[in-house]
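Residue numbers (our numbering): 36 to 772.
Printed below as a string of structure tokens:
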């Protein structure tokens with residue numbers, strides 16, 4: 036093959052790709068004139084006789100895998116870079132070219148500085164933002180080029196030429212890092228209703244602790260053979276964004292200049308967010324003058340021309356700075372420092388609205404925790420927040436933002452730190468907003484009231500809010516979710532939930548709120564809770580809840596409160612909820628009661644009735660498309676207590692659930708490796724998936740498999756005749772042997 040044929044093959048002719056790759060590996064071993072003539076003669080004869088392509092002698096195949104003319108190292112690298120731009124080229128050939136041929140090529144045929152300059156310029160033009168293949172190709176080029184550019188002892192090249200190529204290398208390095216950071220950050224996108232646990236910063240979320248960044252950083256660690264002064268001399272000539280990226284990957288730790296940081300913040304929005312993530316570890320960013328950096332970030336966030344992306348970068352910088360520097364700043368400025376921190380949600384309300392405050396509330400709590408001085412600084416924070424809400428906020432939505440941030444910080448700190456805050460300041464923030472016509476503001480005030488535990492101080496305002504709730508369904512739901520049955524006035528509790536519980540049997544519109552009110556009824560030991568639970572624990576009712584984070588919290592608290600009085604049907608149903616965060620919290624609660632045999636058995640009974648309906652003629656409705664998570668949460672805990680249950684009945688029920696439509700699902704568009712097709716025609720086919728069954732009866736429960744099949748006797752025939760179980764159950768059992 037000649038060069039043009041290789042290029043055509045790599046551009047999409049998949050039949051000739053293996054041969055083109057082999058030719059590139061033999062780039063330095065071209066055909067002789069005699070071999071080329073022999074190959075040409077064979078090709079001509081084959082075309083004349085029309086012989087099949089498969090009937091090619093081995094010696095001719097070897098000739099086909101060699102180039103017609105010798106290919107230079109630069110030409111081969113250009114082919115590798117060109118192949119990385121073709122998304123249809125199979126990955127296995129991309130890997131062979133990038134990870135095997137490229138390093139071998141650079142070791143056997145060293146390139147000159149001019150050639151490396153040409154290669155690096157072409158590498159920088161790869162579409163790294165569209166696919167991981169060009170990005171990994173660029174990384175392999177950097178890995179191959181670094182020894183030649185930084186460890187080479189070639190004295191013939193001029194020093195200025197070497198520095199220029201090294202500068203080009205570092206520019207390309209910064210581009211690769213930025214693209215990797217963008218791809219890595221996209222992996223951790225979350226839904227608007229998903230709350231992050233406020234605690235230690237998660238290093239797994241930060242790109243600086245990721246495997247791609249460690250690989251790139253190792254390239255500089257291993258190959259940089261110059262002094263620190265030479266490094267700084269080159270980095271100072273780069274753009275601010277490139278200089279900041281390289282400062283994070285450098286073998287040495289040196290502070291970033293404040294001017295460089297501010298230029299990056301203004302000129303490259305979201306770059307710092309991609310590098311540090313939304314929860315960076317304190318101390319991951321080192322600047323020359325941290326006080327000036329903090330002051331500038333807080334001030335710029337409040338400017339009216341500051342966009343949301345810029346403000347997020349400023350907040351990320353505050354989180355990434357060392358906790359000692361942040362503590363020194365806010366301690367020296369007192370309440371004024373926290374006023375400046377909260378003012379952007381008042382001055383720049385177009386960009387930093389209530390939705391942003393909800394999204395960033397955990398970040399503000401984390402910023403406060405980084406300083407490790409909760410008892411000393413929280414009273415100052417409360418004073419500042421109260422002053423902003425009472426004296427500076429012009430609209431109720433601005434108040435909602437400040438109150439939300441305050442509630443989040445208060446939720447994250449210890450009880451000892453909460454007690455240091457002035458109750459009067461908190462009361463002033465809360466009392467006027469409990470019955471606010473803006474539901475976001477009212478919800479924030481009720482959330483803060485629950486954290487502050489000041490129900491006695493605002494009892495009159497609570498009663499006033501109750502009057503407004505009679506004509507405001509949204510406010511009523513907020514009160515039901517956040518009101519404390521232990522601390523709120525008893526007459527308010529009774530007036531709030533008793534009408535709902537009395538009328539929900541006939542008025543279906545009251546049922547979602549009545550379901551949430553079961554939390555209060557269970558804690559106050561109201562009568563008829565069990566009866567109402569049977570009426571309200573229906574998929575049609577519960578499916579109307581869970582659109583916002585507060586409702587998810589209310590659902591979880593309701594399920595736990597009812598489980599504590601041995602009513603497990605709500606928990607069984609909510610284990611099928613579409614919110615993964617809710618299912619995770621409920622699964623954690625199930626793990627805490629897994630040693631209580633009576634509780635687990637009661638939960639399993641509720642699961643078989645509410646979710647699977649083993650004795651029902653029609654399958655019950657659930658809250659999502661399947662109940663796999665519910666079965667995998669409860670069944671393993673149940674199998675730990677087989678000594679306290681009828682073994683035959685228990686194992687048969689587990690088997691029936693494995694064959695249920697809520698586990699097997701409907702006929703999918705694609706099949707897994709462990710899927711078994713029933714029926715010959717596509718329109719009538721059904722699929723059996725055995726993964727759930729295998730996971731339940733693996734490890735210490737493997738011995739129960741034979742026992743399960745042995746007890747599948749005539750006693751279960753009545754249940755097996757149910758359509759939504761029987762059709763695939765025998766195949767589930769057969770597939771697992």
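From the three backbone atoms N, C-alpha and C, an ideal C-beta is built for every residue, glycine too.
Residues near residue i by beta carbon distance below 6 Å, same chain, minus five either side
i	result
residue 309	216, 217 and 220
residue 38	none
residue 355	311, 315, 319 and 320
residue 181	254 and 258
residue 662	611, 646 and 697
residue 600	557
residue 248	242
CB-CB length for residue i against residue j, believed under 8 Å
i	j	result
residue 659	residue 612	6 Å
residue 203	residue 274	That pair is no contact at about 13 Å.
residue 62	residue 116	At roughly 15 Å, the Cβ-Cβ gap does not stay under 8 Å, so residue 62 and residue 116 are not in contact.
residue 374	residue 322	23 Å between Cβ atoms; not a contact.
residue 255	residue 286	6 Å
residue 293	residue 328	6 Å
residue 337	residue 378	5 Å
residue 628	residue 635	7 Å
residue 523	residue 490	5 Å
residue 473	residue 432	6 Å
residue 557	residue 597	5 Å
residue 297	residue 331	6 Å
residue 56	residue 131	6 Å
Alpha carbon of residue i to alpha carbon of residue j, nearest angstrom
i	j	result
residue 454	residue 201	58 Å
residue 477	residue 509	10 Å
residue 341	residue 175	38 Å
residue 555	residue 594	11 Å
residue 492	residue 469	13 Å
residue 497	residue 670	44 Å
residue 83	residue 72	17 Å
residue 380	residue 604	43 Å
residue 459	residue 448	19 Å
residue 685	residue 411	57 Å
residue 676	residue 592	26 Å
residue 577	residue 171	47 Å
residue 687	residue 563	33 Å
residue 462	residue 643	48 Å
residue 385	residue 324	31 Å
residue 500	residue 692	47 Å
residue 4	residue 179	Since the first residue shown for the chain is 36 and the last is 772, residue 4 is missing from the structure and cannot be characterised.
residue 542	residue 343	44 Å
residue 715	residue 731	The predicted position of residue 715 is uncertain, since its pLDDT is 38 and thus under 50; no value can be drawn from it.
residue 244	residue 638	41 Å
residue 436	residue 357	26 Å
residue 194	residue 148	11 Å
With 16 other Cβ atoms within 10 Å as the buried cut-off, status of residue i
i	result
residue 165	exposed
residue 450	exposed
residue 104	exposed
residue 548	buried
residue 364	buried
residue 352	buried
residue 135	exposed
residue 317	buried
residue 348	buried
residue 160	exposed
residue 780	No answer is possible for residue 780: it lies beyond the span of the chain, which begins at 36 and ends at 772.
residue 158	buried
residue 142	exposed
residue 426	exposed
residue 712	Residue placement at residue 712 cannot be trusted, given a pLDDT of 46 that sits under 50; what the coordinates show is reported in the next sentence. By the neighbour-count rule (16 or more Cβ atoms within 10 Å), residue 712 is not buried but exposed.
residue 546	buried
residue 668	buried
residue 371	exposed
residue 246	exposed
Cβ shell of residue i (< 7 Å), same chain only, five flanking positions each side left out
i	result
residue 444	399, 400, 403 and 416
residue 587	228, 581, 614, 616 and 617
residue 145	183
residue 488	522
residue 413	448, 452, 455 and 456
8 Å CB neighbourhood of residue i in its chain, flanking five on each side removed
i	result
residue 53	128
residue 585	478, 482, 513, 516 and 517
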